[in-house]
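Let me begin by presenting the structure, written as structure tokens, before commenting on it.
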Amino acid sequence: MIKYEPVQVQSILNHLDERSEVFSDVYTLNPYKGCEHACQYCYVTSDKYIPYKKKEEFFCKIQSKTNASFLTKISLQTIPQDCLIIVGSACDPYQPIEKKYKNTRSVLEILCEYKNPVHIMTKSDLILRDTDLLSKITSDSFLAVSFSIAMDDELSKIFEPRSSLPSKRFKAINILSSKGIRCGVTIAPILPYIVREKLIRSIILKASDSGAKYIFADNCSLRDTNKIRFLEFIKKFYPKLIHRYEIMYSKSTLPPAVFSKKMMDLITKLADDFGLDTTLSGMYIPDKKQLELFDEENANGRE
Ligand code: SF4
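In the numbering used here, each number is its position in the sequence shown, counted from 1, plus 17.
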């Protein structure tokens, strides 16, 4: 049973060390702690990232950061307007709790007001509820919506039992793209021997048909707690693969470089064939006038 808990947090933006050629800085923002989507491979359940002492609570105790929008407003007053805000790096911002608490929607309202570029990552078609705000961010600054899709519906029912089916995610891309909202597909995680070339081809074809503008991809990373949990799952549901997985992940948290390169080369080539970008921003360049205005406002104390 899933338990929802309202909490007040001390901070909401998390600065990433990651450098960007387009944005002056990058921050992540998670309106919830925990994620009820409960994907079997979830990397957030590794010791490095998991926010709960009792690790098993991550999928069933969901904390709603009720002061998320207030803290967003305060925080945005202290950073430049061309900093990218990534919504949903350690939870899905459109997991079911969002229907009731609407923290993500409240945060987007503030992001609209401050006109920072935004990148949303989700596996849920609940995002369609906020099409009005997404359109406004698109017209006033920059927005990219990345749908994580690395499976067909049947595989997704096994590995991502509580998220929207991939067919629904493609439909959401279609609807948002038709309104001029920049959407992309993240093929992640590429599960060795399960997410195969044929499946990758069909995902890229559907992404293109749905109006996606870019493709990203990422390998399956397995370490400590999430490695133990995931390999137990593979042993139970894919017993023929367990030995191959144990070998593949025996020396590193990632598959061998030769495997990763083969998959990434394939994805880059297919993206190219379909005319899809492999960058988030495409041609976006921050509006210099807006930035100059920000500098002036910042010098005078931003309201
Ligand atoms: S949606 Fe993301 S954060 Fe949530 S369980 Fe799945 S992988 Fe983890």
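Just so you know, even glycine gets a beta-carbon here, dropped at the ideal spot from N, CA and C.
Remember, it's a predicted structure, so these values are computed and weren't measured experimentally.
In chain order, what residues of the same chain lie with their CB nearer than 6 Å to the CB of residue 223, ignoring the 5 residues before and after it? 187
Please confirm if the stretch 161 to 180 is in contact with the stretch 211 to 219, defined as three or more CB-CB distances below 8 Å between the two stretches. Here the stretch 161 to 180 lies against the stretch 211 to 219, with 3 or more beta-carbon pairs under 8 Å apart.
Using the C-alpha atoms, what's the distance from residue 292 back to residue 91? 40 Å
DSSP three-state assignment for residue 293, whether helix, strand or coil: coil
At what residue ranges does the stretch 181 to 258 contain a whole run of the alpha helix (DSSP H), taking only runs of 4 or more? Taking 4 residues as the shortest admissible run, the stretch 181 to 258 contains the following complete alpha helix (DSSP H) segments, listed from N- to C-terminal end: 183 to 195, 214 to 227 and 241 to 254.
Helix, strand or coil for residue 311? Go by DSSP, reduced to three states. Reliability fails at residue 311, whose pLDDT of 39 lies under 50, so the model's placement of it is uncertain and no value is given.
Helix, strand or coil: which one does DSSP assign to residue 31? strand
Can residue 61 be considered in contact with the ligand SF4, in the sense that its beta carbon sits closer than 7 Å to one or more heavy atoms? yes
Is residue 140 close to the ligand SF4? I mean its beta-carbon at under 7 Å from any heavy atom of the ligand. yes
CB of residue 82 within 8 Å of CB of residue 119, strictly: no
To the nearest angstrom, how far is the alpha carbon of residue 317 from that of residue 42? Legend: pLDDT at residue 317 = 40, less than 50; position of this residue unreliable, no value from coordinates given.
Quick check on the burial criterion: 16 or more other C-beta atoms within 10 angstroms. Buried or exposed for residue 230? With at least 16 other beta carbons inside 10 angstroms of its own, residue 230 counts as buried.
Please find out if some non-hydrogen atom of the ligand SF4 comes closer than 7 Å to the beta-carbon of residue 147. Answer for residue 147: no, Cβ out of range of the ligand SF4.
Locate the beta strand (DSSP E) running through residue 20, then write down its first and last residues. 20 to 24
For residue 52, count neighbouring Cβ atoms within 10 angstroms of its own Cβ and tell me buried if that reaches 16, exposed if not. buried
Can you tell me which of 245, 29, 240 and 227 puts its alpha carbon nearest to the alpha carbon of residue 65? It is 240.
Using a Cβ distance threshold of 8 Å, determine whether the stretch 107 to 122 contacts the stretch 145 to 159, with at least three qualifying pairs required. yes
What do you reckon, is the C-beta of residue 177 under 7 Å from a heavy atom of the ligand SF4? yes
Given residue 306, which residues of its chain have a CB within under 6 Å of its CB, disregarding the five upstream and five downstream residues? Confidence is the limiting factor: at residue 306 the pLDDT is only 42, short of 50, which leaves the residue's position unreliable, though a coordinate-based value still follows. None.
On the three-state DSSP scale, how would you describe residue 82? strand
Quick one: what does DSSP say residue 89 is sitting in, helix, strand or coil? helix
Sort 132, 30 and 116 by Cα distance to residue 89 and report the nearest one. 30
Please determine whether the Cβ atom of residue 241 lies at a distance below 7 Å from any heavy atom of the ligand SAH. This structure lacks the ligand SAH; its bound ligands are the ligand SF4.
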